[in-house]
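Participant: Top to bottom, those sequences are chains R and G. At position 69 of the first sequence (counting the first as 1) the number is 69 in the working numbering, and the numbers step up by one without a gap. At position 105 of the second sequence (counting the first as 1) the number is 1105 in the working numbering, and the numbers step up by one without a gap. Starting off with a structure, shown below.
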Amino acid sequence: RKEVEQDPGPFNVPEGATVAFNCTYSNSASQSFFWYRQDCRKEPKLLMSVYSSGNEDGRFTAQLNRASQYISLLIRDSKLSDSATYLCVVYTGTASKLTFGTGTRLQVTL
Amino acid sequence: NAGVMQNPRHLVRRRGQEARLRCSPMKGHSHVYWYRQLPEEGLKFMVYLQKENIIDESGMPKERFSAEFPKEGPSILRIQQVVRGDSAAYFCASSPNYSTETQYFGPGTRLLVL
């Protein structure tokens, strides 16, 4: 079983749509959780951290369910510029390393 | 404040040659991480270094790969006797002392082995 699992997509949605991505992780000792965005052939960039209380940044909302070991990302009012691969990332403090999911590809169309 | 710098951005090698990838962390960061992204796959942790020390190399292949972060100069990821399967994007990240979970990524080096 992969440490971090994501649906690879692609998710093809029209502009203005709401889209949700899910992710599960297997290591219950994981401490911190993030969503990164990766554009084609570019480096990953931190989109937002994920907390149990949920956090929102503009059109983006992230949520963590520790009991189910489940992370989600909701994007409202999708823009063309949101087209990218969204990476679910888990940090394990004992190893000081980030573990990446394979990513979910989003394509927003006119 | 310059971000994480990597060079070269693209590197072409023939099978059996050596590849040297360099990474300069953000100013003030003394923690460096190397990740590899194979085509159509996620990033995989390779090694975590601090100045002059390898902290965790659990993701490094047992042979041909080595990494260093000297007291002066950039971190180097060295791949000896490259094979086609080494073709990938290699990303370096750095973090400040106070938060190793906050890692900033460089633009990557794309290695192509012919």
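Beta carbons are placed, not taken as given, at the ideal position from N, Cα and C, and that holds for glycine.
1) For the beta strand (DSSP E) holding Arg977(G), just list the boundary residues, first then last.
2) Just the Cα atoms here: how many angstroms apart are Val1032(G) and Ala17(R)?
3) Going by other Cβ atoms of all chains shown within 10 Å of its Cβ, with 16 needed for buried, is Glu43(R) buried or exposed?
4) Since Tyr1035(G) contacts Met1046(G) with CB under 8 Å, what's their CB separation in whole angstroms?
5) So what's Arg1084(G) in DSSP terms, helix, strand or just coil?
6) Straight-line CA distance for Thr64(R) to Leu1114(G)?
7) The region 94-108 of chain R: which residues have C-beta closer than 8 Å to a C-beta of chain G, in chain order?
8) Hey, would you say Glu1052(G) sits closer than 8 Å to Pro1074(G), going by beta carbons?
9) With a threshold of 16 other CB atoms inside 10 Å of the CB of Ser81(R), please say whether the residue is buried or exposed.
10) For Ile1054(G) and Cys40(R), what's the separation of their Cα atoms in angstroms?
11) Could you give the DSSP three-state label for Asp7(R): helix, strand or coil?
12) With three or more beta-carbon pairs closer than 8 Å as the criterion, would you say the region 3-16 of chain R touches the region 47-64 of chain R?
13) For Pro44(R), which residues in chain G fall below 8 Å Cβ to Cβ?
14) Mind checking if Glu1101(G) is an interface residue toward chain R, Cβ cutoff 8 Å exclusive?
15) Rounded to whole angstroms, what is the Cα-Cα separation between Gln107(R) and Val50(R)?
16) Measure how close the beta-carbons of Pro10(R) and Arg105(R) come, nearest whole angstrom, since I'm counting them as under 8 Å.
17) Using a Cβ-Cβ cut-off of 8 Å, state whether Tyr1033(G) counts as contacting chain R.
18) With Arg1020(G) as the anchor, note down where its beta strand (DSSP E) starts and where it stops.
19) Inspect the CB distances between the region 68-80 of chain R and the region 22-33 of chain R and report whether three or more fall short of 8 Å.
20) One question on the structure: do Phe21(R) and Gly1042(G) come within less than 8 Å of each other, judged by their Cβ atoms?
21) According to DSSP, is Asp39(R) part of a helix, a strand, or is it coil?
22) Using 8 Å as the threshold, is the C-beta distance between Val90(R) and Tyr25(R) below it?
Facilitator: Quick answer:
1) No answer is possible for residue 977(G): it lies beyond the span of chain G, which begins at 1001 and ends at 1114.
2) Looking up residue 1032(G) in the second sequence gives position 32. Looking up residue 17(R) in the first sequence gives position 17. Roughly 39 Å separates the two Cα atoms.
3) Counting from 1 along the first sequence, the entry for residue 43(R) is found at position 43. It is buried - the Cβ of Glu43(R) has at least 16 other Cβ atoms within 10 Å.
4) Along the second sequence, read from residue 1 onward, the residue named residue 1035(G) stands at position 35. Along the second sequence, read from residue 1 onward, the residue named residue 1046(G) stands at position 46. 6 Å between Cβ atoms; contact.
5) Here residue 1084(G) corresponds to residue number 84 of the second sequence, with the count starting at 1. Helix at Arg1084(G).
6) Translated into positions along the first sequence, residue 64(R) becomes position 64. Translated into positions along the second sequence, residue 1114(G) becomes position 114. Before going on, a small fix: residue 64(R) reads as Leu here, not Thr. C-alpha separation (whole angstroms): 43 Å.
7) Ala95, Ser96, Lys97, Leu98, Thr99, Phe100, Gly101, Thr102 and Gly103
8) What you label residue 1052(G) is simply residue 52 of the second sequence in a count that begins at 1. What you label residue 1074(G) is simply residue 74 of the second sequence in a count that begins at 1. Contact flag unset, no.
9) Position 81 of the first sequence, counted from the first residue, corresponds to residue 81(R). So Ser81(R) counts as exposed.
10) Counted from its first residue, the second sequence places residue 1054(G) at position 54. Counted from its first residue, the first sequence places residue 40(R) at position 40. Rounded to the nearest angstrom, the two C-alpha atoms are 31 Å apart.
11) For the purposes of this step, residue 7(R) is taken as residue 7 along the first sequence, with counting starting at 1. DSSP places Asp7(R) in coil when its eight states are reduced to three.
12) no
13) Locating residue 44(R) in the first sequence gives position 44, counting from the first residue. Per Cβ cutoff of 8 Å: Leu1043, Phe1091 and Phe1105.
14) Within the second sequence, residue 1101(G) is the residue found at index 101, counting from 1. With 8 Å as the cut-off, Glu1101(G) counts as an interface residue toward chain R.
15) Here residue 107(R) refers to the residue found at position 107 of the first sequence. Here residue 50(R) refers to the residue found at position 50 of the first sequence. Each residue's alpha carbon lies about 23 Å from the other.
16) In the first sequence, residue 10(R) corresponds to position 10, counting from 1. In the first sequence, residue 105(R) corresponds to position 105, counting from 1. About 4 Å; that satisfies the 8 Å criterion.
17) Here the question's residue 1033(G) lines up with position 33 in the second sequence. At least one chain R Cβ lies under 8 Å of Tyr1033(G).
18) As a position in the second sequence, residue 1020(G) is number 20, starting the count at 1. Start and end: Ala1019 to Ser1024.
19) yes
20) In the first sequence, the residue the question calls residue 21(R) occupies position 21. In the second sequence, the residue the question calls residue 1042(G) occupies position 42. Cβ atoms of Phe21(R) and Gly1042(G): not closer than 8 Å.
21) Numbered from 1 along the first sequence, position 39 holds the residue referred to as residue 39(R). Asp39(R): coil per DSSP, three-state reduction.
22) The residue labelled residue 90(R) in the question sits at position 90 within the first sequence. The residue labelled residue 25(R) in the question sits at position 25 within the first sequence. Taking 8 Å as the Cβ cut-off, Val90(R) and Tyr25(R) qualify as a contacting pair.
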